[in-house]
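Peer 1: Numbering (this note's numbering), first residue to last: 1 to 69.
Sharing a structure below in structure tokens format, with a few things to ask.
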């Protein structure tokens, strides 16, 4: 029971942090969590990403610099 509460607290903190990102980034983060959970057979521990992982996902989504043709 304590483990479940700990995971839920981590999920809440993760969601609060995610709100600082653009909606497209949030979608990419949720997709990453979905993939991670599928790969872990939907174990509850797989439903949490670290702040660093979230920032890395958002950084990778930065669009390339516009270059006219």
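C-beta: ideal position from N, C-alpha, C; glycine also.
Fair warning: this is a prediction, and the values are worked out from it, not measured in the lab.
#1: How about residue 33 and residue 12: are their beta carbons less than 8 angstroms apart?
#2: Which whole-angstrom value describes the C-beta separation of residue 58 and residue 21, a residue pair presumed to lie in contact below a C-beta threshold of 8 angstroms?
#3: In three-state terms, what does DSSP make of residue 9?
#4: Which value, in whole angstroms, describes the spacing of the CA atoms of residue 41 and residue 51?
#5: Would you report the Cα separation of residue 29 and residue 9, rounded to the nearest angstrom?
Peer 2: Let me spell this out:
#1: no
#2: 5 angstroms
#3: helix
#4: 23 angstroms
#5: 18 angstroms
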